[in-house]
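191 is the number of the first residue of the sequence shown in this note's numbering; add one for each residue after it. All C-beta atoms in this analysis are idealised placements derived from N, C-alpha and C, irrespective of residue type, glycine included. This structure is a prediction, so every number in the text was calculated from the model and none was measured. Report on the following structure.
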Amino acid sequence: MEKSLVLVKPDGVQRGLIGEVIARFERRGLRLIGAKFLQVSKELAEQHYAEHKGKAFYDGLISYITSAPVMAMVWEGPNAVAAIRQTVGSTKPAEAAPGTIRHDFALEVGRNLIHASDKPETGEREAALWFKAEELVAWSRAVDAWIFEQ
Ligand code: IDP
Ligand code: MG
């Protein structure tokens, strides 16, 4: 089953939007398999955002993600990465489609509330970076057959 890391970033936590984010993914039918609330270290932030090192916004991005606690989660489901990124919306909130999280709650790219993995391979890599194997729970829901076709 495809996995995505989801982070409610410090602005989302400060603004009381953890529940809103979880509710949207639950309602979509995705299955939560891991969650923790943590203060992100500089080391973890740098590993997570390694692809952006050297970009103009990199230093600001590291200070943003380490500025206050985040809610880290792993969600799974068929096409979970694409489905989650669709619910999250475009990186720039002003370009995010109406009804998406970034559209509904954000205005600026540097305060865009939420992270989601961008490809299935990234989902696997980021889940392993943020969670130990034993922190991810394999389980099934009685309702799964009514949401997952296979
Ligand atoms: P994504 O979060 O939609 O995958 P990425 O391009 O991977 O977007 O960028 C990672 C994060 O870096 C964004 O979510 C945003 O917080 C920040 N970011 C990206 N571009 C800019 C920018 O131009 N200015 C400030 N922050 C940016
Ligand atoms: Mg990205």
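In terms of residues, what are the limits of the beta strand (DSSP E) holding R221? 221-228 is the span of the beta strand (DSSP E), which, as asked, contains R221.
Own chain, CB closer than 6 Å to A286, minus 5 neighbours either side, in chain order: G279, S280, R292, H293
So is the beta-carbon of D294 under 7 Å away from any non-hydrogen atom of the ligand MG? no
Using a Cβ distance threshold of 8 Å, determine whether the region 305-313 contacts the region 258-275, with at least three qualifying pairs required. yes
One or two residues paired with H305 in a DSSP bridge: In the DSSP secondary-structure assignment, H305 is bridged to L197.
Expected contact under 8 Å - CB spacing of P268 and F338 to nearest Å: Yes, P268 and F338 are in contact; Cβ-Cβ is about 6 Å, under 8 Å.
Simplified DSSP state of V264, which is helix, strand or coil: strand
Looking at chain D, is there any beta carbon in it that lies within less than 8 Å of the beta carbon of A225? Within the model displayed, chain D is absent; a lone protein chain is all it includes.
Exposed or buried, which one is G224 when buried takes at least 16 other CB atoms within 10 Å? buried
Answer yes or no: do K232 and I252 have a C-beta to C-beta separation smaller than 8 Å? yes
Put E311 into one of helix, strand or coil per three-state DSSP. Here E311 sits in helix by DSSP.
Inter-residue Cα distance where the pair is V271 and T312: So the two alpha carbons sit approximately 9 Å from each other.
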